[in-house]
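The structure under discussion appears below in the form of structure tokens.
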Amino acid sequence: MPMLGGCLCGNIRFSVSSEPRVHYCHCDMCRRATGSAFAVLAWLPSESVTWTAAAPTYRRSSLIAQRGFCPACGSPLSLAYDASPGEIALHVGTFDDPACLEPRYNYGSRQRLGWVCCGLDLPHHDTEERW
């Protein structure tokens, strides 16, 4: 059964055909890109994501990554690293049923804000490089 999702205004919709790897990301870039204390990302093989309505607009967010968003409402939708062209991360909050996408680890843990208390019992990993 595919998982469905999309942006706030409904202009962009997607369908996902594989099980994602879900994690919290506490890095500076994800905080700034989402406007939140951390991001919750669902990593998938790129070929398992089908944009069923309009596709996102992409902008480079650093020297190593680009992010997709809805040009109509501005909702952040995706993250893709240049070094991993076969993978894409979708923001968990953009899924129609995000409750089924439970994070399994933390990434960018060294940059985690001290008052963030969710997922502390999960494994922690640091970013390889700061961007």
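The opening position of the sequence shown corresponds to residue 76 in the numbering used here, with each subsequent residue numbered one higher. From the three backbone atoms N, C-alpha and C, an ideal C-beta is built for every residue, glycine too. Since we're looking at a predicted model, the values are computed, not measured.
> Taking Cβ positions, are Cys-84 and Leu-152 nearer each other than 9 Å?
Replying inline: Contact flag unset, no.
>> Please identify the residue among Cys-148, Tyr-180, Pro-120 whose C-alpha is closest to the C-alpha of Ala-129.
In response: The shortest C-alpha separation from Ala-129 is found at Cys-148.
>> In the DSSP output, what is Ser-92 paired with across the bridge?
In response: Partner(s): none; Ser-92 has no beta bridge.
> With respect to the beta strand (DSSP E) encompassing Thr-125, which residues constitute its N-terminal and C-terminal limits?
Replying inline: For Thr-125, the enclosing beta strand (DSSP E) stretches over residues 124-126.
>> Taking the beta carbon of Tyr-133 as the centre, do at least 16 other beta carbons fall within 10 Å, making it buried, or is it exposed?
In response: It counts as exposed.
> What does a CB cutoff of less than 6 Å around Arg-205 pick up in its chain, not counting 5 residues either side in sequence?
Replying inline: Because Arg-205 sits at a pLDDT of 46, beneath the cut-off of 50, its placement in the model cannot be relied upon, and the following sentence gives the value as read from the coordinates. If we look at Arg-205 and ignore the five residues flanking it on each side, it has no Cβ neighbours.
>> Just to confirm my understanding: we take Cys-145, look at its own chain, exclude 5 residues before and 5 after, and list those with CB closer than 6 Å. What are they?
In response: Residues of the same chain with a CB within less than 6 Å of the CB of Cys-145, apart from the 5 flanking positions on each side, are Cys-82, Asn-86, Ile-87 in chain order.
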